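To get this note's numbering, take the position in the sequence shown, counting from 1, and add 24.
This report refers to the structure that appears directly beneath it.
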Amino acid sequence: MKDYLKEGKYVLFIGTPCQVSGLNHFLLQKYENLITIDIICHSVPSPKVWRYYLAEISRYNSVTNVQFRDKTNGWKNYSIKVNSDSKVLLHEGKNKNLYMRGFLEDLYTRPSCSDCPARNYTSGSDFTIGDFWGCEKYYSIAQFKKGCSIVLINTVNGKNLFINMKEKFYSVQIPYEQVEPYGLHKPLTSSSKPHYNREFFYKNIEVAKSIRFLIFRCIIVLELKRKMKTVMDKCYKYFNNGE
């Protein structure tokens, strides 16, 4: 990439904020022909957990394609879909799929994501892109069945480029105050917090017969037990204190 930049070629780099930050720290200088885009990043899950999960669901089939946000059932009801050539090995909605639920609840988020140094617009990217969750607060959701994206312009270089290409797609400018304060994109400024069962999960990952069952146990069974204990403690306090 550095060679391409020195040769004067245009380079577009898209990645997580930490990847964009890593690239900028490596280059140690600004290149007018470099365009960087980072995503609104919730966190990055453990690749080890993903390998275990993929091996379990593929059952020795060769996985050829994975879609983490399949929109067959719409943008908000996205699914995870895994294919082996034309054969569908798995197609489950986000609320049903255990891997997706574990990821969204930060069960196996990398420790570095819990103290991310590249958040809060410090990566140096020209653009930040992501899903515009909550756009229905401002616009009719009917026109966004397959999704609505948000683009944040972070640099002068990014602004000039956006102006030159904005006729290529439909866009609406909105005040920044409509985005962050409402918690639509909390990952922009806040690091993810690890799930309270994360330590238990990793202590048992090597001995678990099923990675899916272990995820189920951590985010559903143990969570249910915790809630039941909370209720029982309140009941005990109520009857013993006469309140």
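Backbone N, C-alpha and C define an ideal beta-carbon position, used for all residues, glycine too.
In this text, all values refer to a predicted model and were calculated from it rather than measured experimentally.
- Here Asp62 carries a strand assignment [DSSP, helix/strand/coil].
- Residues Asn48 of the same chain have their beta carbon placed closer than 6 Å to that of Gly148, with the five preceding and five following residues left out of the count.
- Under the three-state reduction of DSSP, Gln197 is assigned to coil, being neither helix nor strand.
- Taking all protein chains shown into account, Gly182 has 16 or more neighbouring C-beta atoms within 10 Å of its C-beta and is therefore buried.
- In this structure, DSSP gives Gly126 a helical state, which the three-state scheme calls helix.
- Counting the other Cβ atoms within 10 Å of the Cβ of Arg222 gives 16 or more, which makes it buried.
- The Cβ atoms of Ile38 and Asp155 do not sit closer than 9 Å to each other.
- Restricting attention to Gly32, Gln53, Asn101 and Val106, the CA atom closest to the CA of Lys170 is found in Asn101.
- Residue pairing of Leu36 in beta bridges, as defined by DSSP: Ile59.
- Nearest neighbour of Leu52 by Cα position, chosen from Leu29, Lys72 and Val68, turns out to be Leu29.
- Around the beta-carbon of Ser214, fewer than 16 other beta-carbon atoms lie within 10 Å, marking it exposed.
- At the C-beta level, Gln91 and Ile81 stay beyond 9 Å of one another.
- Taking 9 Å as the cut-off, the beta carbon of Leu238 is found no closer than this to the beta carbon of Asn144.
- Contact check for Ser216 and Thr133: beta-carbon distance about 5 Å, within the 8 Å limit, so the pair qualifies.
- A Cβ-Cβ contact shorter than 9 Å links Leu78 with Val87.
- For His219, no beta strand (DSSP E) segment is defined, and its DSSP state is neither H nor E.
- With respect to the C-alpha of Cys42, the residue from Trp74, Asn89, Phe240 and Thr152 having the closest C-alpha is Thr152.
- For Asp27, the secondary structure class from DSSP, reduced to helix, strand or coil, is helix.
- Between Gly126 and His219, the CB-CB gap stays under 9 Å.
- The C-alpha of Val231 is placed about 44 Å away from the C-alpha of Cys159.
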